[in-house]
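A short write-up of the structure that comes next.
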Amino acid sequence: MAIESQYLGKLQEYVTKTKDIDYGQNNADGDEDYAARLCKSLQSLQNQVKQHEAALERLRATARAVSVDEPSEDSRQRLQQLRTVTAAYRSLTPSEPLLPSPDSPLPALLALRKTLNMVDQSKSAITETKDNVSKSRKHLRQEEADLRDARSITQALEGRIEKLRLENEERSEKSTEESANTIIQEQQQRKRHYMMALRDLVKAFNKFVDEQLAAMLAAEDLGGPTVGDSVEVDEEMLKAGFNQQGRARKMDADIARTEAKRKMRNDEIWGSENGNEDEEIGVRSEKEAALASFRTLTEDLLNAAAGDEDSDSYINISRESAAVRFLVRAKVAQFHTDDARKLRLVDFGRGWDN
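full-length UniProt numbering applies: residue 1 is where the sequence shown begins, and numbers increase by one.
What follows is the structure, encoded as structure tokens:
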């Protein structure tokens, strides 16, 4: 009974919310007629609820006499259970379905509820469809880009195949001597091209080392910032030196004392084997010393790499200078796996050593 009352209460609440939508707010006579028909429908539903409750009580009374919850092991009791269930089904079969009266507002309310549900479902479907369309368009753009790439690759391959075919035809038409001369000319032309490119690279490399890298290498060797951390390193900063935090010191007032400190630092870092020469031309600047050390290191590495293929191409280094650390950080050189005093250029043709 409580469940049916709850359903009736929800129905009344729903009717109150949707009454204005169905029949309008400005028609008082229509409201009264609507309320009367609604009360009639509610009364009809309540009568049907009472009828169902009475039928339920009768079934419960019958069930008390013959329990149909579980099949009985007694054949007579089992037969009685089957007869009770059969009678219950036969009593329900000929009954007409419970339909509202023609003037009942219940069909309109049910239709309105169904319509509202369909509207909500349509809105959800529209949102989901928009998301799917957006994803499909993104996927389509990606597929179009892949198609363009595939067409470009296909055209390049077709052009290369056609070029090779023409070259093959030309070679087949030429004699052996003509083919050999053509190959020699191509090799010479390619060699000239590589030599010109090599000269340009060496020129650019020397310019970079002279103008930028040498000062930064000297600064790192003197305890300053790591190469690449500070690109504004000048001669004055190198003369003054750096503190423990890697910052440039202020210039000393005593120039002689400053020069003595510079010479001592240079001797400690880059050595003093050229002392006689230094006495004649003066103490080398920090930048010049770092530049000479870097050039010597790179020349030794290149000579070792261009040596015998059976050799390991390693060179011995006296200390881990800023130039050595820079080449290793740039992945141009690598230490020996077992001896950190050996260094060599990375062999890009054979790959990296683990």
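Glycine included, every Cβ here is placed at the ideal spot set by N, Cα and C.
Can you tell me which residues form a DSSP beta bridge with residue i?
i: Lys-342; result: Asn-316
i: residue 355; result: Because the chain spans 1 through 354 in this model, residue 355 falls outside it and cannot be assessed.
Within the same chain, show all residues whose beta-carbon is closer than 6 Å to that of residue i, passing over the 5 residues directly before and after it, in chain order.
i: Ala-141; result: A small correction: the amino acid at residue 141 is Arg; Ala does not occupy that position in the sequence shown. No residues qualify anywhere along the chain.
i: Lys-40; result: none
i: Lys-203; result: none
Would residue i and residue j qualify as a contact pair, given that the criterion is a beta-carbon distance under 9 Å?
i: Glu-211; j: Phe-326; result: no
i: Lys-287; j: Leu-238; result: yes
i: Ile-315; j: Ala-304; result: yes
i: Ala-322; j: Met-195; result: no
i: Phe-294; j: Leu-213; result: yes
i: Pro-71; j: Gln-80; result: no
i: Arg-341; j: Ser-313; result: no
i: residue 432; j: Val-324; result: Residue 432 cannot be examined here, being either before or after the span of the chain that is shown, 1 to 354.
i: Ser-136; j: Pro-100; result: no
Skipping 5 residues on each side, what residues in its chain have a beta carbon closer than 8 Å to that of residue i?
i: Asp-33; result: none
i: Leu-198; result: none
Between residue i and residue j, what straight-line distance do the alpha-carbon atoms span, to the nearest angstrom?
i: Thr-337; j: Val-346; result: 13 Å
i: Ala-54; j: Val-85; result: 18 Å
i: Asn-26; j: Ser-104; result: Note that Asn-26 scores 48 on pLDDT, short of 50, meaning its location in the model is unreliable and no value can be drawn from it.
i: Ala-289; j: Leu-301; result: 18 Å
i: Arg-329; j: Lys-191; result: 32 Å
i: Phe-242; j: Glu-144; result: 58 Å
i: Glu-169; j: Leu-157; result: 18 Å
i: Glu-173; j: Asn-181; result: 14 Å
i: Thr-176; j: His-139; result: 55 Å
i: Gly-282; j: Gln-187; result: Because Gly-282 sits at a pLDDT of 35, beneath the cut-off of 50, its placement in the model cannot be relied upon, and the following sentence gives the value as read from the coordinates. So the alpha carbons of these two residues sit roughly 50 Å apart.
i: Arg-113; j: Asp-74; result: 51 Å
i: Leu-106; j: Gln-51; result: 19 Å
i: Glu-178; j: Arg-171; result: 9 Å
i: Gln-185; j: Leu-147; result: 40 Å
So, does the CB of residue i fall closer than 9 Å to a CB anywhere in chain C?
i: Ala-292; result: Although the question refers to chain C, the structure presented lacks it and comprises just one protein chain.
Spatial neighbours of residue i within its chain, please: C-beta separation below 7 Å, excluding the five flanking residues on both sides.
i: Lys-130; result: none
i: Arg-78; result: Pro-71 and Ser-72
State buried or exposed for residue i, treating a residue as buried only when at least 16 other CB atoms are found within 10 Å of its CB.
i: Val-227; result: buried
i: Val-133; result: exposed
i: Gly-224; result: buried
i: Ala-150; result: exposed
i: Leu-56; result: exposed
i: Val-332; result: exposed
i: Ala-256; result: Interpretation of Ala-256 is limited by its pLDDT of 44, a score under 50 that renders its predicted location unreliable; the figure taken from the coordinates is listed afterwards. Ala-256 is exposed by the Cβ-count criterion.
Sorry if obvious, but does the Cβ on residue i come closer than 8 Å to a heavy atom of the ligand MN?
i: Glu-178; result: Ligands displayed in this structure: none; no statement on the ligand MN is therefore possible.
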